[in-house]
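Take a look at the structure below.
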Amino acid sequence: MSLAPERRLVLFIHGFRGTALGTWDRFPVLVEGQKKFQGCDLVFYGYSSKWQRTQVLANDFRDALDLLFSQPRILLQATATESNRASDFRFEEVFLVAHSMGALVARQALLDAFQMRYPWTSKVRLALFAPAHMGADLLRLCMQTLAPFPIPVSLAAHSIYPCLHDLVPTSQTINLVISRAKNLDPLSAKTFSAHGVWIAAHDQVVSPNAFPGDPPSKTIRGRTHISMCKPTNVSSQAFKGLETCIP
603 MSLAPERRLV LFIHGFRGTA LGTWDRFPVL VEGQKKFQGC DLVFYGYSSK
653 WQRTQVLAND FRDALDLLFS QPRILLQATA TESNRASDFR FEEVFLVAHS
703 MGALVARQAL LDAFQMRYPW TSKVRLALFA PAHMGADLLR LCMQTLAPFP
753 IPVSLAAHSI YPCLHDLVPT SQTINLVISR AKNLDPLSAK TFSAHGVWIA
803 AHDQVVSPNA FPGDPPSKTI RGRTHISMCK PTNVSSQAFK GLETCIP
């Protein structure tokens, strides 16, 4: 949490078998002292990413977002910096930083929020790392996230973990998300369009194809699907990329 809050929140959401902090590695350390992040609160959202379909995960994430916007003090009351907030404290900007399956979950949550006419949707910005919103190679995804389990286990994972059905490039879920996105009103479509998309040069997991309405992606060199969102220093492409999304 920021010691000088400016009503801006950077919210990180991981992907399949990721963890709230482990996925992002040194991100929370590197932002300290960086001008772009001064005044920003940081939240690393964790969830059980294996045993439910992505729409169920999106419902929970949508509810969490609504709570963050409508009653932020519930989140902040357990932190040492809560006393710095005005009684009417509200977030005016939320930057959703999503990796892999987290991008699909975030987009499903936003689509529902648009449909439910939540007043905060225009305050959201998307920054996506190796997004799986156009699908993924499930075998390679499982081989990387289930290592060091053998290939037969990875092959069986598709039937074990329900959420993986939604990551098939031709899945009903992905087709529905694309269809709903194309039918958004102009203001919602602008919000739904990512402010930045980054793919890894050596990513063999997610489809690199652009989601309709998103800007062209940028490539992070020398990185894989897993390592691309683990910057080692403030000069790393991933870190510099996220900085460009923060005004």
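Going from the sequence shown to the working numbering is simple: count from 1 and add 602. All residues carry an ideal CB built from backbone N, CA and C; glycine is no exception.
query: Can the beta-carbon of Ser702 be found less than 8 Å from the beta-carbon of Val770?
result: As a working note, residue 702 is residue 100 in the sequence shown. As a working note, residue 770 is residue 168 in the sequence shown. Not in contact: Ser702 and Val770 (Cβ atoms no closer than 8 Å).
Thr621, buried or exposed, once every other Cβ within 10 Å from all chains shown has been counted against 16: In the sequence shown, the residue the question calls residue 621 occupies position 19. Counting Cβ neighbours within 10 Å, Thr621 comes out exposed, since fewer than 16 surround it.
- request: Just confirm the distance between the C-beta atoms of Phe697 and Trp800, as a whole number of angstroms; I'd bet it's less than 8 Å.
  value: For the purposes of this step, residue 697 is identified with residue 95 of the sequence shown, where counting begins at 1. For the purposes of this step, residue 800 is identified with residue 198 of the sequence shown, where counting begins at 1. No, Phe697 and Trp800 are not in contact; Cβ-Cβ is about 14 Å, not under 8 Å.
query: Three-state secondary structure (DSSP) at His827?
result: For the purposes of this step, residue 827 is taken as residue 225 along the sequence shown, with counting starting at 1. His827 falls in the coil class under three-state DSSP.
message: Using only the alpha-carbon positions, how far apart do Phe671 and Ser724 sit?
response: Residue mapping note: residue 671 aligns to position 69 of the sequence shown, counting from 1. Residue mapping note: residue 724 aligns to position 122 of the sequence shown, counting from 1. In a straight line, the C-alpha of Phe671 is about 12 Å away from that of Ser724.
message: Contact defined as beta carbons within less than 8 Å: I believe Ala796 pairs with Leu741. What is the distance between those atoms, to the nearest angstrom?
response: As a first step, residue 796 must be located in the sequence shown, where it is residue number 194. As a first step, residue 741 must be located in the sequence shown, where it is residue number 139. Wrong, their Cβ atoms sit about 27 Å apart, outside the cutoff.
Host alpha helix (DSSP H) of Lys820 (start-end): On the sequence shown, position 218 is the one that residue 820 refers to. First-last for Lys820: Lys820 to Ile822, but that is the beta strand (DSSP E), not the alpha helix (DSSP H).
task: Quick one: residues in its chain with C-beta nearer than 8 Å to the C-beta of Glu694, no 5 flanking neighbours on either side, listed in chain order?
output: Within the sequence shown, residue 694 is the residue found at index 92, counting from 1. Excluding residues within five positions, the ones whose Cβ falls inside 8 Å are Arg609, Arg610 and Lys725.
message: What does DSSP give as the partner residue(s) for Ala796 in the beta ladder?
response: As a working mapping, residue 796 is identified with position 194 in the sequence shown. DSSP output for Ala796 lists no bridge partner at all.
- request: Identify, in the order they occur along the chain, each residue of the same chain with its Cβ nearer than 7 Å to the Cβ of Glu782, setting aside the five sequence neighbours on each side.
  value: For this step, residue 782 is matched to residue 180 along the sequence shown. With the sequence shown as reference, residue 782 is identified as Arg, and Glu is not the correct amino acid for it. Closer than 7 Å at Cβ, skipping near neighbours: Leu713.
query: By DSSP, does Glu695 sit in helix, in strand, or in coil?
result: Along the sequence shown, one-based indexing puts residue 695 at 93. Three-state result, Glu695: strand.
query: Could you give the distance in angstroms between the alpha-carbon of His616 and the alpha-carbon of Ser837?
result: Position 14 of the sequence shown holds residue 616. Position 235 of the sequence shown holds residue 837. CA-to-CA, the gap between His616 and Ser837 works out to about 22 Å.
Beta-carbon proximity list for Asp805, same chain, < 8 Å, skipping 5 on both sides: Here residue 805 corresponds to residue number 203 of the sequence shown, with the count starting at 1. Closer than 8 Å at Cβ, skipping near neighbours: Ala732, Arg825, Thr826, His827 and Met830.
query: Which one or two residues does DSSP pair with Ile801 in a beta bridge?
result: Start at 1 with the first residue of the sequence shown, and residue 801 comes out as number 199. In the DSSP output, where bridge partners are listed per residue, Ile801 has Thr821.
field: Extent of the continuous beta strand (DSSP E) to which Leu730 belongs
entry: Residue 730 sits at position 128 when you count from the first residue of the sequence shown. Element bounds for Leu730: Val726 to Phe731.
query: DSSP three-state call for Asp665: helix, strand or coil?
result: Numbered from 1 along the sequence shown, position 63 holds the residue referred to as residue 665. The answer is helix: DSSP assigns Asp665 an H, G or I state.
message: Check for me: the alpha helix (DSSP H) holding Arg782 runs from which residue to which?
response: The residue you call residue 782 lines up with position 180 of the sequence shown. Segment Gln774 to Lys784, the alpha helix (DSSP H) holding Arg782.
- prompt: In terms of DSSP beta bridges, what is Leu644 paired with?
  reply: Counting from 1 along the sequence shown, the entry for residue 644 is found at position 42. Answer by DSSP bridge pairing, in chain order: Val612.
- prompt: Given Ala738, which residues of its chain have a CB within under 6 Å of its CB, disregarding the five upstream and five downstream residues?
  reply: In the sequence shown, the residue the question calls residue 738 occupies position 136. These residues qualify, in order along the chain: Leu769, Val807 and Val808.
- prompt: Quick one: Cα of Val857 to Cα of Cys642, how far?
  reply: Residue 857 is absent from the structure shown; the chain starts at 603 and stops at 849.
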